[in-house]
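Protein chains in written order, with the numbering used here: chain A, 8 to 449; chain B, 9 to 335.
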Amino acid sequence: MTSNRQHQRIAILGARLIDAASGLDEQQALYIDNGLIRAIGAPPAGFVADLLLDVPGQIVCAGLVDLRARLEPAEDSNASVASEVRAAVAGGITSLACMPDNYPTTDARAAVHLLLGKAREQGLARVLPLGALTRNLAGEQLSEMARLGMAGCHLLTNGNAPLSSLIMRRAMEYASTFGLGIMTFAEDPSLAGNGCVHEGSTGLKLGLQAIPVTAEEIGISRDIALAELTGCKVHFAAVSSARGVALIADGRNRGLALTADVAVHHLHLNDTAILQYGSLCHLRPPLRSETDRLALIEGLKNGVLDALCSDHLPCGEDAKMAPFPASKAGAAGLELLLPLALQLVKEHGISLSAMLAAMTARPSAILGLPTQEIRVGEVADLAIFDPQRTWQPALDGWHSLGKNTPFYRQSLTGRVTHTLVGGQLVYRLGDQGGEFDPRSGP
Amino acid sequence: MNGGGVFTTHQYDDAGTLRHLLSIEGLRRETLEEIFRTADSLLELDGQTVRKVPLLRGKTIVLLFFEASTRTRTTFEIAAKRLSADVVTVNLAASSTTKGESLLDTVGTLISMRSDMFVVRHAEGGAVHLIANQVADHISVLNAGDGCHSHPTQALLDMYTIRQVKTDFASLKVAIVGDLLHSRVARSEIQALQLLGVTDIRAVGPATLAPKTLSAALGVRVCHRLEDGLDGADVVVMLRLQRERMASAFLPSESEYFENYGLTFDKLRLTAKDSVVMHPGPINRGVEIDSAVADSERSLISRQVTNGIAVRMAVMALMNPGHHPAQ
Chain A
8 MTSNRQHQRI
18 AILGARLIDA
28 ASGLDEQQAL
38 YIDNGLIRAI
48 GAPPAGFVAD
58 LLLDVPGQIV
68 CAGLVDLRAR
78 LEPAEDSNAS
88 VASEVRAAVA
98 GGITSLACMP
108 DNYPTTDARA
118 AVHLLLGKAR
128 EQGLARVLPL
138 GALTRNLAGE
148 QLSEMARLGM
158 AGCHLLTNGN
168 APLSSLIMRR
178 AMEYASTFGL
188 GIMTFAEDPS
198 LAGNGCVHEG
208 STGLKLGLQA
218 IPVTAEEIGI
228 SRDIALAELT
238 GCKVHFAAVS
248 SARGVALIAD
258 GRNRGLALTA
268 DVAVHHLHLN
278 DTAILQYGSL
288 CHLRPPLRSE
298 TDRLALIEGL
308 KNGVLDALCS
318 DHLPCGEDAK
328 MAPFPASKAG
338 AAGLELLLPL
348 ALQLVKEHGI
358 SLSAMLAAMT
368 ARPSAILGLP
378 TQEIRVGEVA
388 DLAIFDPQRT
398 WQPALDGWHS
408 LGKNTPFYRQ
418 SLTGRVTHTL
428 VGGQLVYRLG
438 DQGGEFDPRS
448 GP
Chain B
9 MNGGGVFTTH
19 QYDDAGTLRH
29 LLSIEGLRRE
39 TLEEIFRTAD
49 SLLELDGQTV
59 RKVPLLRGKT
69 IVLLFFEAST
79 RTRTTFEIAA
89 KRLSADVVTV
99 NLAASSTTKG
109 ESLLDTVGTL
119 ISMRSDMFVV
129 RHAEGGAVHL
139 IANQVADHIS
149 VLNAGDGCHS
159 HPTQALLDMY
169 TIRQVKTDFA
179 SLKVAIVGDL
189 LHSRVARSEI
199 QALQLLGVTD
209 IRAVGPATLA
219 PKTLSAALGV
229 RVCHRLEDGL
239 DGADVVVMLR
249 LQRERMASAF
259 LPSESEYFEN
269 YGLTFDKLRL
279 TAKDSVVMHP
289 GPINRGVEID
299 SAVADSERSL
309 ISRQVTNGIA
319 VRMAVMALMN
329 PGHHPAQ
C-alpha cells in the first residue's frame, strides 16, 4: 500500500450505488480522494486511481453503523477491541457503538479514552463509546455524564442492570441537562426474575424459568412515562415483543422523542429455536414467540423500530457449554448483520434501501453522528457487498473470537467484499480470506 | 460452536436400540411396551418382589447426583445391583459442587474411569442432555431428573403401575394435582400418558402453580378447582408441594392449600368408583393428601415404590450400556 494512504485515490467501478439517505439507487462509478467522495459517475478531471476496485454485480452503500456491540465483555475474555473491530469491518461496519459493560466499564472519562485509544490503535472501524449511566453500572450513583458526553458519549446506558424508577428519573433529568440521551433495556426486574427464556409454550414445556412479555411491557411503559416527565431522549434497545412495538408506536404518536432498535437474531428466530440450538439461542431479552417475531419485522418495516443492530456479544465455548440457565446470554453478530438483513429484504418485501437506512442513516442519527451520504464532499465510509455470494462462517472465514451464534454453521447469502473507512480500504475479501489494512490518520 | 443444553438429543442409536433415556418425548410407544414387558418378567409372579439377574454383570454404572436425593438414588442403586452391575455413587449436591469446575469437566473425569452408564440428576433443565451430547459413543446416559424439565423413569413406573390395575389407557381420565409449573414428574407423566393414548388429562391447582397457559403448552385441561379436576377421574396423581413455594409467594400456607387442593375421602367421592390414587413421593401427609387416603387400598403408592425398582432395572437392561455402534 502507498505510504500516504490518506491521500490515496480510489475508483469503484461497476457497482450499484445505494444511498439510503438521499434515495440514490443507480449504477454509477465512484471516485474517492483524500478520504472524501470526490465524484459520482464521471471521474474528476485528471483523476488517476491508485487503487481500482472493479466490482460488477456488487452494491456500494454507506458503511454500516452498529448501535450496540460488546468488544471486550470481560477481563479474561478472548475477545478484545482488536479482534472485534476486525469482525466489524469484515461485516461492512464502519462505525460501532461499544457498550459500557465492557472491560473496563466506561463510567468515567479515563475509561472512555482508553477504549478510544485501543480503537484508534487498530485503525479499522470507528468506535463510539456508550457511557455508563450510573457508577460501575451499580444503579445507585449517577456517573459523570457531562464529562462522558465531552469525551464522546452521546448516549448513556445502564445495560441489563436494572434501575429503580427514582434513579432512572434522576438519570434522565441529568442526562437531558447536557443534551444526552439514554439507551434503555426496558424490563421489569422482579417479573423477569432469574428467567432465561420467553414465557410461552416452549418455556413451559421445558420447565425453565421464564420472562413474560409483561416484564418488557411494564419496563417500556415506565420508561416512556419517565421520558414524558423529564423530556429526555430515550432509545429502547432490543425490543422483543409485539406489545413493546405497540407501546413505542403509541408514545411516538403522542410526540415523545423515542427511538428503538431490534437485534438481528430476534428477527430471524423465535423461542422454538432453543429446542434445536440450546444455549446458542440463550439471548437477553429472550427470543419470543413467532407472533412477536413477525411484529418486530412489521415494526422495522413501518419505522416504529428505527434501527437494526447486531447486539454483538462474543463469548468462548465454555460460556455456552453449560446447562441452558447457566450459560451466558448473548450472540455474536457483527458479521451477520448484512446477510441476515438481506434475507429479510428477500422474505418480507422490505426495500433494500429502507433496510440499509435502518443500518446506516437511522442509527447514525440515534448516535448523534452526522449522516453519511454517498454524495460529493462526504467522508468515504463505505461498504461494498456481493448480494449473491453464499458463504458459511464455519467454512469461509469468521473474524470475531465469539462463534456463539446458530448461524455459524449455516449458509448465508450476501457478503461484504470491501470496507472503506475515511476513504482508505481497511478490509478486502481476498481469495485466501479477509485481508486487513489499518488506516493511517485519525 | 455447538450450544450446550440442547433439548433434542437423540435417544436411539443407529441400530434402533435405546441408548439414552433423557425424556419421554422422542420415545416410541413400542419402547414403552418393551420396558413394561421386561419389568413384568423381573417381578416375581405375585408382583411383590424383584429377582436378581446377571443382565449387567461386569458393567459399571455411575450415579451422578448433582441434586440431593436419597430415595431416587437408592432406588437406582438397588436396581443396578439387582442387575449385577458395579455401582459407583458420586454425590455432588449443588452447593458443594466443584466450585469453578464445569459440569463437563466433572463428568469427563468419570468417563476416563471406564464407565458404561451415567445416571444423572441435576438441578438445571437440559444439563443431562448436555452430558449425553458429550459422552463417548459407548456410554449411555439416564436422566434421573433435570430441573423442572424431565423425569422419565418416574413417568414410566407410574404408567406401569396404572397398567397393572387398568385395562385400557385410551379411555382413562387422569387428574394431576399440585405444582405442575415446577414439576418434571408432571411434564414427563403427561407426555407418557399422551404417548399411550390418553386424551383426558386434567392439570389441577391454583393459577400460580397451574397457569392456564399449560393447556396449550402441554395439551391438558387446566382446572383451578379440585372438584372440576377430580370429576369422574380414574387416576388421581398427587404432586408433592415444596416448602419454598410458600416462601416465594406462590401459595400463602400449607393449610389453605390442603383445604382447597388436598385429597381427602370426601373429595375422592367425586372420582370414578374404582379410581386409584398415586403419588411420586415423598408424600407430605396433611398437605397434598390425607394420611388415611394415602394408606387406603385405593392408593397405589407402595406399588409405585416396588415397581420403581423393576422399571428402572428394565430400562437399564434395555439400554444395554457399553454396546452401542458409533453415531
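Heads up, the beta-carbon is just placed ideally off N, CA and C, and yes, glycines get one too.
Inter-residue Cα distance where the pair is residue i and residue j
i	j	result
T420 of chain A	G64 of chain A	14 Å
S263 of chain B	V295 of chain B	7 Å
S10 of chain A	L432 of chain A	With a pLDDT of 47 at S10 of chain A, under the threshold of 50, the predicted position of this residue should be treated as unreliable, though the coordinate-derived value follows. Rounded to whole angstroms, S10 of chain A to L432 of chain A spans 13 Å at the Cα level.
T209 of chain A	A225 of chain B	7 Å
N268 of chain B	L276 of chain A	42 Å
G240 of chain B	V271 of chain A	51 Å
T221 of chain A	E180 of chain A	26 Å
R129 of chain B	F74 of chain B	6 Å
D403 of chain A	R171 of chain B	56 Å
N41 of chain A	E385 of chain A	11 Å
A47 of chain B	A325 of chain B	10 Å
R79 of chain B	V185 of chain B	21 Å
F44 of chain B	L271 of chain B	29 Å
A339 of chain A	L122 of chain A	20 Å
E235 of chain A	N85 of chain A	42 Å
S77 of chain B	A131 of chain B	11 Å
T216 of chain B	I198 of chain B	19 Å
F266 of chain B	E252 of chain B	16 Å
T161 of chain B	G24 of chain B	20 Å
Proximity below 7 Å, CB of residue i to CB of residue j
i	j	result
L341 of chain A	G98 of chain A	yes
L301 of chain A	V269 of chain A	no
S360 of chain A	D73 of chain A	no
K308 of chain A	I357 of chain A	yes
T169 of chain B	R311 of chain B	yes
A6 of chain B	L259 of chain B	Residue 6 of chain B falls outside the range modelled here, since chain B spans only 9 to 335, and no answer is possible.
I32 of chain B	S196 of chain B	yes
L135 of chain A	A104 of chain A	yes
H273 of chain A	M190 of chain A	no
P394 of chain A	L349 of chain A	yes
H289 of chain A	A249 of chain A	no
Cβ-based neighbour list, residue i, same chain, cut-off 8 Å, excluding 5 preceding and 5 following
i	result
D388 of chain A	A69, G70, T101, S102, R133, Q379, L427, V428, G429
L276 of chain B	L238, V244, S283, V285, V301, R306
M327 of chain B	T25, L26, R27, H28, L29, M125, S148, L150
Own chain, CB closer than 6 Å to residue i, minus 5 neighbours either side, in chain order
i	result
R192 of chain B	G153, C156, H157, S158, H159
Q34 of chain A	R23
A18 of chain A	Y38, A56, L59
P329 of chain B	K67, D124, M125, S148
Q142 of chain B	L112
I227 of chain A	A193, G251, L254
M26 of chain A	It should be pointed out that residue 26 of chain A corresponds to Asp in this sequence rather than to Met. The residues are E380, I381.
K181 of chain B	D208, G240, A241, D242
D298 of chain B	T272
L118 of chain B	V70
Anticipated Cβ contact below 8 Å, residue i with residue j, distance rounded
i	j	result
V98 of chain B	L64 of chain B	Actually they do not touch by this definition, with Cβ atoms about 18 Å apart.
A390 of chain A	V423 of chain A	6 Å
L149 of chain A	V119 of chain A	16 Å between Cβ atoms; not a contact.
A183 of chain B	V284 of chain B	At roughly 11 Å, the Cβ-Cβ gap does not stay under 8 Å, so A183 of chain B and V284 of chain B are not in contact.
L315 of chain A	A365 of chain A	5 Å
N165 of chain A	T141 of chain A	6 Å
S110 of chain B	D325 of chain A	7 Å
Sequence-distant residues of the same chain with beta carbon closer than 7 Å to residue i, five excluded per side
i	result
T83 of chain B	G316, I317, R320
L215 of chain A	C203, V204, F331, P332
G375 of chain A	H161
S104 of chain B	Caution is warranted here: a pLDDT of 44 is assigned to S104 of chain B, below 50, making its placement in the model unreliable, and no coordinate value can be reported.
Y20 of chain B	L26, R27
T39 of chain B	L26
Pairs of beta-carbons, one from the segment 229-246 of chain B and one from the segment 209-216 of chain B, closer than 8 Å: are there three or more? Contact between the segment 229-246 of chain B and the segment 209-216 of chain B is present, because at least three Cβ pairs lie under 8 Å.
With contact counted as at least three CB pairs below 8 Å, one residue from each stretch, are the segment 104-113 of chain A and the segment 156-175 of chain A in contact? By the Cβ criterion, the segment 104-113 of chain A is in contact with the segment 156-175 of chain A, since at least three pairs of Cβ atoms, one from each stretch, lie closer than 8 Å.
With a cut-off of 8 Å, do at least 3 Cβ pairs link the segment 165-179 of chain A to the segment 190-197 of chain A? Counting Cβ pairs under 8 Å, three or more are found: they touch.
Okay, do the segment 13-31 of chain B and the segment 124-141 of chain B touch, 3+ Cβ pairs below 8 Å being the bar? The answer is yes - the segment 124-141 of chain B touches the segment 13-31 of chain B, with three or more Cβ pairs under 8 Å.
Can you confirm whether the segment 393-411 of chain A touches the segment 83-93 of chain A when touching is taken to mean that 3 or more C-beta pairs between the two stretches lie within less than 8 Å? Because the criterion of three Cβ pairs below 8 Å is met, the segment 83-93 of chain A and the segment 393-411 of chain A touch.
For the pair the segment 287-306 of chain B and the segment 431-446 of chain A, tell me if three or more CB-CB distances fall below 8 Å. Fewer than three beta-carbon pairs drawn from the segment 287-306 of chain B and the segment 431-446 of chain A are found closer than 8 Å, and the two stretches are therefore not classed as touching.
For the segment 223-233 of chain A against the segment 255-270 of chain A, do three or more pairs of beta-carbon atoms, one drawn from each stretch, fall closer than 8 Å, so that the two count as touching? Output reads yes: the segment 255-270 of chain A touches the segment 223-233 of chain A.
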